[in-house]
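Working notes, beginning with the structure itself.
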Amino acid sequence: MGKDVIIALDFDSREAALAFLDRFAGEPEKPFVKIGMELYYAEGPAIVREIKARGHKIFLDLKLHDIPNTVKKAMAVLSRLDVDMVNLHAAGTRAMMEAALEGAARPDGCRPLVIAVTQLTSTSQERMEADLLIEQPLDQVVLHYARCAAQTGLAGVVCSPLEAGKVHQACGADFVTVTPGVRFADGDAGDQVRVTTPARAKELGSDYIVVGRPITQAADPVAAYRRCVSEFV
Ligand code: C5P
């Protein structure tokens, strides 16, 4: 599995996102980027096509969660945007994940990497028990959801770098771990609680790190990106 750094393009307009990407024009290889709800809902599928046409790989982070038939049809539409990675909530059940895989298949038989969100990192043990009536330990719930995703045929999960090793143990070395919550040793954690450096994420076995503000808000984003790549890849 090729390791890579994915930049979270958390911008609210086409102009802001493209002005940011223009800084990378001189890079030999265009960075892999993540388009989330904010940019997608602001600009729609056109922004995905435009960034793809500039030569970037794209992780479309829309976290689908609906009845299987709806997710299948939505995945078919998203897959046609020629994105490289898409995701959904494992909580939608195996039937929903199977339907998503069917929908994501393109006419030539290939499909983007379909990965699952297990429990959001914003969900605590306490809230999971009180609000979701799930009473197992949170780390066991994460591993159970990862196993369900792997057994259904999904390519991997979004998780903390701290969980990447256990996910690989449970689901195999080829099951992809995509991990946010990355910060430089000398940087600001912001609202992320459990953070690791790119170098530590590599040691822990992450396959892809998702890095937003440490690159997008840096005085020199290209230098910050290069630093991530040199520590992680
Ligand atoms: O700016 P920062 O590096 O914290 O950005 C992390 C990105 O990863 C954001 O787009 C955030 O929504 C996303 N993410 C996360 N934690 C998760 C899932 C996604 O931080 N569990």
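Every position in the sequence shown, counted from 1, becomes a number in our numbering once 92 is added. Glycine included, C-beta positions come from ideal geometry on N, C-alpha and C. The model shown is predicted, which means the values in this text are computed figures rather than measured ones.
Check: Classify THR271 as helix, strand or coil using the three-state DSSP reduction.; Outcome: strand
Check: Only counting runs of 4 or more residues, tell me where the alpha helix (DSSP H) segments fall wholly within the segment 217 to 302, in order along the chain.; Outcome: 217 to 224, 230 to 244, 253 to 263 and 290 to 296
Check: Taking C-beta to C-beta, are LEU254 and ARG286 nearer than 8 Å?; Outcome: yes
Check: Which whole-angstrom value describes the C-beta separation of SER171 and GLY195, a residue pair presumed to lie in contact below a C-beta threshold of 8 Å?; Outcome: 7 Å
Check: Is it buried or exposed for ASP280, if we count other Cβ within 10 angstroms and need 16 for buried?; Outcome: exposed
Check: Tell me which residue opens and which closes the beta strand (DSSP E) that ILE150 is part of.; Outcome: 150 to 156
Check: Taking C-alpha atoms, which residue in PRO290, GLY245, ASP283 and THR289 lies nearest to VAL268?; Outcome: GLY245
Check: Roughly how far, in whole angstroms, is the beta-carbon of GLY297 from the beta-carbon of HIS260, given that I think they are within contact range, below 8 Å?; Outcome: 6 Å
Check: Measure from the alpha carbon of ALA277 to the alpha carbon of each residue in ALA293, ALA262 and THR271, then state which is nearest.; Outcome: ALA293
Check: Are the beta-carbon atoms belonging to GLY128 and ASP158 less than 8 Å from one another?; Outcome: no
Check: How would you call SER252, buried or exposed, if buried means at least 16 neighbouring beta carbons within 10 angstroms?; Outcome: buried
Check: Given this structure, state the Cα-to-Cα distance separating GLN309 from ASP102, to the nearest angstrom.; Outcome: 10 Å
Check: Pop quiz: VAL140 and LEU173 are said to be a contact at Cβ under 8 Å. What is the actual Cβ separation, rounded to whole angstroms?; Outcome: 5 Å
Check: May I have the straight-line CA-CA distance separating LEU110 from GLN228, to the nearest angstrom?; Outcome: 44 Å
Check: If I follow the unbroken alpha helix (DSSP H) through PHE324, where does it start and stop?; Outcome: 313 to 324
Check: Use the C-beta contact count for ASP104: other C-beta atoms within 10 angstroms, 16 or more gives buried, fewer gives exposed.; Outcome: exposed
Check: Under the rule that 16 or more other beta-carbon atoms within 10 Å means buried, what is LEU180, buried or exposed?; Outcome: buried
Check: Once the 5 residues before and after CYS320 are set aside, which same chain residues still bring their CB inside 6 Å of it?; Outcome: VAL97, PRO290 and VAL303
Check: TYR133: buried (16+ other C-beta within 10 angstroms of its C-beta) or exposed?; Outcome: exposed
Check: Take ALA182 as the anchor and find which of LYS144, VAL233, GLY264 and LYS122 has the nearest alpha-carbon.; Outcome: VAL233
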